[in-house]
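Numbering (the UniProt record's numbering), first residue to last: 1 to 215.
Below, the structure is given as structure tokens:
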């Protein structure tokens with residue numbers, strides 16, 4: 001994602017604080033005046049922010065990004081500075097299961113997140129570490145090629161033979177973002193209303209309703 005997205009910021013949840021993800025107010029060493037410094041979600045405005053080790057973040061830091069994920073803004077009121085910054089970015093977060101790998105018998109217990117943060121993600125994918133001879137062999141060959149100092153470009157060409165190059169994908173995504181403007185049709189809107197009403201038992205919240213429209 002970092003290599004193909006036109007605007008992308010990577011950070012690790014293990015070493016990221018709320019200020020590092022949103023914004024902070026610091027004192028300029030020369031003028032001694034207070035200035036704002038944007039965090040990862042501000043720098044990724046108009047693009048995507050990738051947060052690895054999302055499960056390693058402190059709960060207080062995860063709560064701090066609620067506004068950014070729902071309202072696409074970050075409100076600052078510190079040291080006499082009151083303003084709102086844009087954080088119109090997609091959030092791609094990766095987290096590990098509580099048990100290290102997904103346990104089919106544990107169900108929801110594999111994920112240790114508050115419902116308030118989970119509801120802000122439009123889609124949640126479960127990546128299982130299943131045994132596959134072909135895939136495991138390909139992955140092992142790639143790792144070995146990297147560790148024996150093989151050319152990264154050559155290794156990539158061998159892995160992606162017949163597939164689209166990263167450079168082409170980056171240009172293609174930029175083109176789509178600049179020229180495509182999908183609109184919700186009346187027929188699609190009626191289907192959304194029908195499915196929303198059907199899913200009200202069990203109930204869903206308004207945040208999930210917005211996710212249906214987004215998807």
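Using N, Cα and C, we set each Cβ at its ideal position, and we do this for glycine too.
Quick one, are the C-beta atoms of residue i and residue j less than 7 Å apart?
| i | j | result |
| --- | --- | --- |
| residue 100 | residue 56 | no |
| residue 24 | residue 37 | yes |
| residue 43 | residue 4 | no |
| residue 88 | residue 45 | yes |
| residue 6 | residue 174 | yes |
| residue 41 | residue 79 | no |
What is the residue span of the alpha helix (DSSP H) that residue i lies within?
| i | result |
| --- | --- |
| residue 195 | 186–198 |
| residue 168 | 166–179 |
| residue 63 | 59–64 |
| residue 105 | Segment: none, residue 105 is in no alpha helix (DSSP H) and carries neither H nor E. |
Can you grab the Cα-Cα spacing for the pair residue i / residue j, in whole Å?
| i | j | result |
| --- | --- | --- |
| residue 107 | residue 214 | 27 Å |
| residue 51 | residue 94 | 6 Å |
| residue 26 | residue 116 | 30 Å |
| residue 140 | residue 148 | 12 Å |
| residue 134 | residue 102 | 21 Å |
| residue 185 | residue 91 | 26 Å |
When you compare each of the options to residue i by their alpha carbons, which one comes out closest?
| i | options | result |
| --- | --- | --- |
| residue 178 | 47, 18 and 21 | 47 |
| residue 127 | 189, 29 and 96 | 96 |
| residue 98 | 113, 168, 39 and 185 | 113 |
Residue ranges of each beta strand (DSSP E) run of no fewer than 3 residues wholly in the UniProt domain "MCM C-terminal AAA(+) ATPase" (1–143), ordered along the chain? Runs of the beta strand (DSSP E) inside the UniProt domain "MCM C-terminal AAA(+) ATPase" (1–143): 8–12, 23–27, 34–38, 48–52, 73–78, 81–86 and 90–93.
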